[in-house]
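Reading through the structure tokens given below for one structure.
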Amino acid sequence: MQTIYSGYGTCKELHNILKKCFPEKIFFVTGKDSYSSSGAKDLLEPVMKEFKYIRFFDFRLNPRVEDIKKGMEMFKKEKCDFVLAVGGGSVMDMGKAVSLLVTRKGKTEDYIRGELFGEERKIPSLMIPSTAGTGSESTHFSVVYIGKEKYSLSHPSLLPDYAILDPSFTENLSPYITACSGMDALCQAIESFWSVNSTEESRRYSKKAISLVFENIGTCVNKPDKKSRENMLIAANLAGKAINIAQTTAAHAVSYPITSYFNVPHGHAVALTLPYFIEFNYNISEKSLQDRRGVEFLNNIMKELLQTLEASSPEEGKEKVLNIMREINLETDLIKLGINRDNIDIIIKNGFNPQRVKNNPIILTEEALRFLLESIL
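Counting in our numbering, the sequence shown runs from 6 upward without gaps.
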């Protein structure tokens with residue numbers, strides 16, 4: 006069971022949590038520069054000086070297995086017994102991966118590939134997000150790359166014990182990072198809503214997250230205030246809770262090579278195709294259906310999604326999302342981002358993750374994905 010503290014000033018709970026857990030030494034995961042630039046250092050230093058810790062920040066933006074191993078080595082060498090991660094999705098994913106894998110004896114790559122599973126055993130952990138996007142503080146997944154191939158390490162014990170959602174940590178974000186993070190939250194909420202794994206609970210989280218993003222992202226990017234920052238952090242957390250149950254689908258699968266090969270930040274990369282999947286997933290028939298709950302069920306789900314988007318048709322739903330991207334100055338043109346028709350094969354070859362594609366409610370073939378990508382160009 007996870008304990009969450011939410012709202013301005015909740016970073017003060019860090020002291021109480023650490024006193025309660027009484028760690029011998031904290032494995033403190035942060036970004037290399039973002040720890041200071043985000044203001045997190047100023048907020049946390051008065052508390053951290055009371056405890057023994059070692060700070061780990063020597064890893065890539067999208068952590069690779071080599072980075073995880075480096076973190077595990079430091080954790081063991083320093084004899085740590087608690088993980089605290091403060092930062093964006095990559096920082097939290099790093100902290101979560103170390104908290105789980107450092108207790109395992111098998112080959113790290115095998116765990117990441119999902120080939121080894123053991124009992125629910127890990128190091129206690131606390132996450133403090135400094136972006137309003139991934140919701141990683143409330144999921145049992147951790148994104149890790151082996152080479153350029155992306156994996157989702159998945160285990161119940163990856164869910165952190167504690168999360169602090171204090172919007173103060175997001176106040177120094179640039180408008181672009183705020184926009185990318187917010188679109189990641191929106192895409193996660195929409196994808197988990199139509200996922201074949203969705204439940205009534207996950208869809209409740211999704212709907213609330215979608216509404217909060219629509220109401221707040223424009224203000225949060227262009228003229229941020231405390232209310233919009235707080236609401237976006239809540240939206241990201243709700244979207245994280247939704248994918249923790251339902252997982253993501255095709256738009257996320259396609260996004261990873263766009264990030265890996267064309268250096269488009271994750272949230273921006275997902276948002277490039279998500280609007281077009283709204284139309285794609287409305288092509289409902291017995292032949293195209295991948296959701297075992299049936300045509301009528303999916304029809305109702307997609308209608309409910311359009312209502313949540315305040316759209317009367319899938320075309321309008323697509324335009325609603327594209328208009329948000331334009332409002333927050335995210336480029337929607339693939340060519341302007343350096344992606345042309347010659348690059349489509351790279352995206353298809355590396356973005357056709359069988360598991361995520363299987364989560365999509367409508368069957369997505371390589372041919373259909375090619376057609377969708379060509380229609381965007």
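The C-beta atom is built at its ideal place from N, Cα and C for all residues, glycine as well.
(request) Identify the continuous alpha helix (DSSP H) that holds R234 and give its terminal residues. (result) Within the sequence shown, the letter at position 229 stands for residue 234. Residue range 231 to 251 is occupied by the alpha helix (DSSP H) that includes R234.
(request) Would you mind giving the Cβ-Cβ distance between G44 and S173, rounded to the nearest angstrom? I have them listed as a contact below 8 Å. (result) Residue 44 sits at position 39 when you count from the first residue of the sequence shown. Residue 173 sits at position 168 when you count from the first residue of the sequence shown. Their Cβ separation, rounded to whole angstroms, is 7 Å, which keeps G44 and S173 in contact under 8 Å.
(message) Just to confirm the assignment: which complete beta strand (DSSP E) runs, minimum length 3, are found wholly within the segment 260 to 330?
(response) Complete beta strand (DSSP E) runs here, min 3: none at all.
(request) State the beta-bridge partners of V218 as determined by DSSP. (result) By 1-based counting over the sequence shown, the position of residue 218 is 213. According to DSSP, V218 bridges with nothing at all.
(request) Return helix, strand or coil for P51, following the three-state DSSP convention. (result) On the sequence shown, residue 51 is found 46 positions in, with the first residue counted as 1. Reduced to three states, the DSSP call for P51 is helix.
(request) With DSSP as the reference, label E154 as helix, strand or coil. (result) The residue you call residue 154 lines up with position 149 of the sequence shown. In this structure, E154 counts as strand in the three-state DSSP scheme.
(message) Assess contact between the segment 224 to 232 and the segment 194 to 204, defined as three or more Cβ pairs (one per stretch) separated by less than 8 Å. Is contact present?
(response) no
(request) Label E235 either buried or exposed according to how many other C-beta atoms from any shown protein chain fall within 10 Å of its C-beta, with 16 as the threshold for buried. (result) For the purposes of this step, residue 235 is taken as residue 230 along the sequence shown, with counting starting at 1. The residue is buried, with at least 16 neighbouring Cβ atoms inside 10 Å.
(message) So, for S207: in the same chain, excluding its five sequence neighbours on each side, which residues have a beta-carbon less than 6 Å away from its beta-carbon?
(response) Sequence index remark: in the sequence shown, residue 207 carries index 202 (1-based). Same-chain partners within the cutoff: S197, A247, I250, A251.
(request) Taking only beta-carbon positions, decide if I352 is within less than 9 Å of chain B. (result) Judged by its chain identifiers, the structure shown contains no chain B, having just a single protein chain.
(request) Label G299 either buried or exposed according to how many other C-beta atoms from any shown protein chain fall within 10 Å of its C-beta, with 16 as the threshold for buried. (result) Translated into positions along the sequence shown, residue 299 becomes position 294. Answer is exposed; the Cβ neighbour count stays below 16.
(request) For F146, name the three-state secondary structure that DSSP assigns. (result) Residue 146 sits at position 141 when you count from the first residue of the sequence shown. Here F146 sits in strand by DSSP.
(message) Alpha carbons only, please: which of L23, P51, G322 is nearest the one belonging to S130?
(response) What you label residue 130 is simply residue 125 of the sequence shown in a count that begins at 1. Per the C-alpha coordinates, the member of L23, P51, G322 positioned closest to S130 is L23.
(message) Please report the straight-line C-alpha distance between N69 and S318, rounded to a whole angstrom.
(response) Residue mapping note: residue 69 aligns to position 64 of the sequence shown, counting from 1. Residue mapping note: residue 318 aligns to position 313 of the sequence shown, counting from 1. With the sequence shown as reference, residue 69 is identified as Arg, and Asn is not the correct amino acid for it. Going by the C-alpha atoms only, they are around 41 Å apart.
(message) How far does the alpha helix (DSSP H) with V70 in it extend, from its first residue to its last?
(response) For the purposes of this step, residue 70 is taken as the residue at position 65 of the sequence shown. Here the alpha helix (DSSP H) through V70 covers 70 to 82.
(request) Evaluate T204 with the Cβ neighbour count: other Cβ atoms within 10 Å of its Cβ, from every protein chain shown; 16 or more gives buried, anything less gives exposed. (result) By 1-based counting over the sequence shown, the position of residue 204 is 199. Under this definition T204 is an exposed residue.
(message) Considering Cα atoms alone, identify which of E336, L49, D296, N355 is closest to S260.
(response) For the purposes of this step, residue 260 is identified with residue 255 of the sequence shown, where counting begins at 1. Among E336, L49, D296, N355, the Cα nearest to that of S260 belongs to N355.
(request) Spatial neighbours of N221 within its chain, please: CB distance less than 6 Å, with the 5 preceding and 5 following residues excluded, ordered by chain position. (result) Position 216 of the sequence shown, counted from the start, is the residue given in the question as residue 221. S233, N236, M237.
(request) Decide if N242 is buried, meaning its Cβ has at least 16 other Cβ atoms within 10 Å, or exposed. (result) Locating residue 242 in the sequence shown gives position 237, counting from the first residue. Flag for N242 reads buried.
(request) Quick one: using the 10 Å Cβ neighbour count with 16 as the cut-off for buried, is Q193 buried or exposed? (result) Translated into positions along the sequence shown, residue 193 becomes position 188. By the 10 Å Cβ count, Q193 comes out buried.
(request) Identify which residue in K57, V88, A258, H20 has its Cα closest to the Cα of N364. (result) Translated into positions along the sequence shown, residue 364 becomes position 359. N364 has its Cα closest to that of A258, out of K57, V88, A258, H20.
(request) Find out if the Cβ-Cβ distance for the pair F5, M99 is shorter than 9 Å. (result) No information on residue 5 is available, as it lies outside the stretch 6 to 382 that the chain covers here.
(message) Taking its Cβ as the centre, do 16 or more other Cβ atoms sit within 10 Å of T35, making it buried, or is it exposed?
(response) Translated into positions along the sequence shown, residue 35 becomes position 30. By the neighbour-count rule (16 or more Cβ atoms within 10 Å), T35 is buried.
(request) Keeping to the same chain, check which residues put their C-beta closer than 8 Å to that of S380; ignore five residues upstream and five downstream. (result) Walking along the sequence shown from the start, residue 380 turns up at place 375. Answer for S380: Y281, listed in chain order.
(request) Use the C-beta contact count for K101: other C-beta atoms within 10 angstroms, 16 or more gives buried, fewer gives exposed. (result) Position 96 of the sequence shown, counted from the first residue, corresponds to residue 101. Buried, because 16 or more other Cβ atoms sit within 10 Å of the Cβ of K101.
(message) Tell me the DSSP secondary structure of T383 in three-state form.
(response) The requested residue 383 does not occur in the structure, where the chain is confined to residues 6 to 382.
(request) Rank L303, K46, K212, M79 by C-alpha distance to the C-alpha of I133 and give the top, closest one. (result) Here residue 133 refers to the residue found at position 128 of the sequence shown. Measuring from the Cα of I133, the nearest candidate turns out to be K46.
(message) Applying the 10 Å Cβ sphere with the 16-neighbour rule, what's the burial state of R126?
(response) By 1-based counting over the sequence shown, the position of residue 126 is 121. The residue in question, R126, is exposed, as its Cβ has fewer than 16 Cβ neighbours within 10 Å.
(message) Quick check: the Cα distance between R346 and T183, rounded to an integer number of angstroms?
(response) Along the sequence shown, one-based indexing puts residue 346 at 341. Along the sequence shown, one-based indexing puts residue 183 at 178. Their backbone Cα atoms lie some 29 Å apart in a straight line.
(message) Check for me: the alpha helix (DSSP H) holding I117 runs from which residue to which?
(response) Start at 1 with the first residue of the sequence shown, and residue 117 comes out as number 112. 113 to 117 is the span of the alpha helix (DSSP H), which, as asked, contains I117.
(message) Cutting at 7 Å between CB atoms, please list the residues of its own chain near L106, excluding the five before and the five after it.
(response) The residue you call residue 106 lines up with position 101 of the sequence shown. I73, M77, T113, Y116, listed in sequence order.
(request) Pair every Cβ in the segment 209 to 217 with every Cβ in the segment 153 to 169, then say whether three or more of these pairs are closer than 8 Å. (result) In short, these stretches do not touch, since the Cβ pair count stays below three.
(request) Can you say whether L382 is buried or exposed, counting buried as having 16 or more other CB atoms within 10 angstroms of its CB? (result) Within the sequence shown, numbered from 1, the residue matching residue 382 stands at position 377. Exposed is the call here.
(request) Can you give me the Cβ contacts of S135 inside the same chain, cut-off strictly under 7 Å, excluding the 5 residues immediately before and after it? (result) The residue labelled residue 135 in the question sits at position 130 within the sequence shown. Excluding residues within five positions, the ones whose Cβ falls inside 7 Å are S39, S43, A45, V91, G92, G93, F174, T175.
(message) Would I351 and E371 be called neighbours here (beta carbons separated by less than 9 Å)?
(response) Mapped onto the sequence shown, residue 351 falls at position 346. Mapped onto the sequence shown, residue 371 falls at position 366. No, the pair does not count as a contact, with Cβ atoms beyond the cut-off.
(request) Identify the continuous alpha helix (DSSP H) that holds F87 and give its terminal residues. (result) Here the question's residue 87 lines up with position 82 in the sequence shown. Careful: F87 lies outside any alpha helix (DSSP H), inside the beta strand (DSSP E) at 87 to 92.
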